[in-house]
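Residue numbers (the numbering used here): 467 to 817. Okay, so here's the structure we're looking at.
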């Protein structure tokens with residue numbers, strides 16, 4: 467079994483919602499559930515040895531829903547409205563507390579270094595890294611960033627697909643360029659500089675193309691898009707153009723393949739009947755454009771519809787088997803599955 471360190475999941479969002487409904491999140495993760503994609507038993511069954519676990523603040527209007535396609539199969543879902551900071555901070559603290567409770571209970575290991583990730587994987591404990599997807603909980607003085615960093619935050623994306631005080635996000639739209647609006651704000655530049663200084667990875671998933679180039683201009687880290695795919699194959703606004711992929715390669719950065727079917731399919735439809743071959747063709751394109759050292763996995767488990775053949779974390783080795791059948795050698799699989807992530811994390815974390 468090829469162990470996988472995954473670049474993005476939303477299990478903390480699911481556990482936060484479960485706790486709101488009276489379920490113990492530690493018991494749910496440790497003992498397993500039929501809900502969502504990730505828990506301890508399913509992760510172990512599928513060789514999912516760890517990953518970046520997102521603190522994501524859901525929009526006030528409820529669950530995000532893609533706009534229905536028109537007669538041509540095209541759709542343009544409007545950006546979600548910006549969020550207020552105080553309620554966002556409350557939710558972010560709740561999710562951080564769940565991450566810390568899981569760590570204290572031994573249900574997973576909250577890791578702050580690649581050495582801790584490797585040790586957890588060797589011991590068969592899920593290696594979680596605290597990530598923030600959209601920085602609505604962070605104040606303009608960045609004081610909260612210091613607090614979350616002390617609690618274990620080691621990765622963040624300045625925006626989700628909505629705007630905030632740090633930058634602008636791309637909509638969920640097909641077909642559409644990622645060049646949909648402004649990029650980082652002045653505060654966004656300060657946020658990136660603070661992350662560089664503190665050793666917090668900056669994630670370019672969900673940001674506009676202008677924001678991508680803004681980060682590239684100011685950041686001293688490898689360029690990372692934790693859960694994105696190739697715009698040349700599936701032209702949704704969330705995917706990356708070949709020019710962006712070239713910049714990631716030049717920085718020795720990384721793209722994590724997103725399992726979300728809307729970002730894999732030719733028609734960008736939200737249909738779980740999506741073959742694994744669509745995942746392979748995106749991996750092939752990323753490898754051909756950037757090289758094997760710049761490609762990894764970023765499942766978006768618990769945050770998106772994934773191919774039915776994978777279904778959840780327990781099915782993760784089906785993708786590994788498909789990659790092997792497509793001709794990827796063992797050393798290449800090791801890089802895609804975990805070593806490339808550990809390399810860029812070590813660089814961003816000043817190791």
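Glycine included, C-beta positions come from ideal geometry on N, C-alpha and C.
### Message
I'd like to know if residue 682 contacts chain D, where contact means its C-beta is closer than 9 Å to some C-beta of that chain.
### Response
Going by chain labels, chain D is absent from the structure shown, which holds only one protein chain.
### Message
Let's test the definition: count the other Cβ atoms within 10 Å of the Cβ of residue 546 and tell me whether it reaches 16, buried, or not, exposed.
### Response
buried
#### Entry: DSSP three-state assignment for residue 593, whether helix, strand or coil
In the structure shown, residue 593 falls within a strand segment according to DSSP collapsed to helix, strand and coil.
#### Entry: Limits of the beta strand (DSSP E) - the one that residue 620 falls within
619–623
#### Entry: As assigned by DSSP and simplified to three states, the class of residue 577
coil
#### Entry: Exposure label - residue 743; buried when at least 16 CB within 10 Å
exposed
### Task
Determine the DSSP secondary structure at residue 832, reduced to helix, strand or coil.
Since the first residue shown for the chain is 467 and the last is 817, residue 832 is missing from the structure and cannot be characterised.
### Query
Three or more beta-carbon pairs under 8 Å between the region 547–562 and the region 766–776, yes or no?
no
#### Entry: Same chain, Cβ closer than 6 Å to residue 479, five either side skipped, listed in chain order
Leaving aside the five residues that flank residue 479 on each side, the residues in its chain whose CB is nearer than 6 Å to its CB run, in chain order, 522.
### Task
Take residue 737 as the anchor and find which of 715, 746 and 770 has the nearest alpha-carbon.
770
### Task
Report buried or exposed for residue 599, applying the criterion of at least 16 other Cβ atoms within 10 angstroms of its Cβ.
buried
### Task
Please report the residue range of the beta strand (DSSP E) in which residue 471 lies.
470–475
### Message
Measuring only the C-alpha atoms, how far is residue 605 from residue 750?
### Response
40 Å
### Task
Answer with buried or exposed for residue 561, where buried requires no fewer than 16 other C-beta atoms within 10 angstroms of its C-beta.
buried
### Message
Let me check you understand the geometry: is the CB of residue 586 closer than 8 Å to at least one non-hydrogen atom of the ligand ADP?
### Response
In the structure on display, the ligand ADP does not appear, and there are no ligands present to speak of.
### Query
residue 661 lies in the beta strand (DSSP E); which residues open and close that run?
Per DSSP, residue 661 lies in no beta strand (DSSP E); the unbroken alpha helix (DSSP H) holding it starts and ends at 652–664.
### Task
Could you tell me whether the region 633–641 touches the region 568–583, where touching means 3 or more Cβ pairs closer than 8 Å?
no
### Task
Assign residue 570 to one of three DSSP states: helix, strand, or coil.
In this structure, residue 570 counts as helix in the three-state DSSP scheme.
### Task
Take residue 619 as the anchor and find which of 590, 646 and 667 has the nearest alpha-carbon.
667
#### Entry: Residue from 506, 487, 520 and 481 whose Cα sits closest to the Cα of residue 766
520
### Task
Less than 8 Å between the CB atoms is what I'm expecting for residue 686 and residue 705, so what's the real figure, rounded?
Wrong, their Cβ atoms sit about 26 Å apart, outside the cutoff.
### Task
Using DSSP bridges, identify the partner residues of residue 543.
638
### Query
Applying the criterion that 16 or more other CB atoms from any shown protein chain within 10 Å of the CB defines a buried residue, is residue 596 buried or exposed?
By the beta-carbon neighbour count (other beta carbons within 10 angstroms, threshold 16), residue 596 is buried.
### Query
Does the distance from the CB of residue 803 to the CB of residue 470 come in under 9 Å?
yes
### Query
According to DSSP, what are the bridge partners of residue 519?
475 and 596
### Rounded separation between residue 467 and residue 574 - CA only
20 Å
### Query
DSSP three-state call for residue 611: helix, strand or coil?
In the structure shown, residue 611 sits in a helix (DSSP, three-state: H, G or I).
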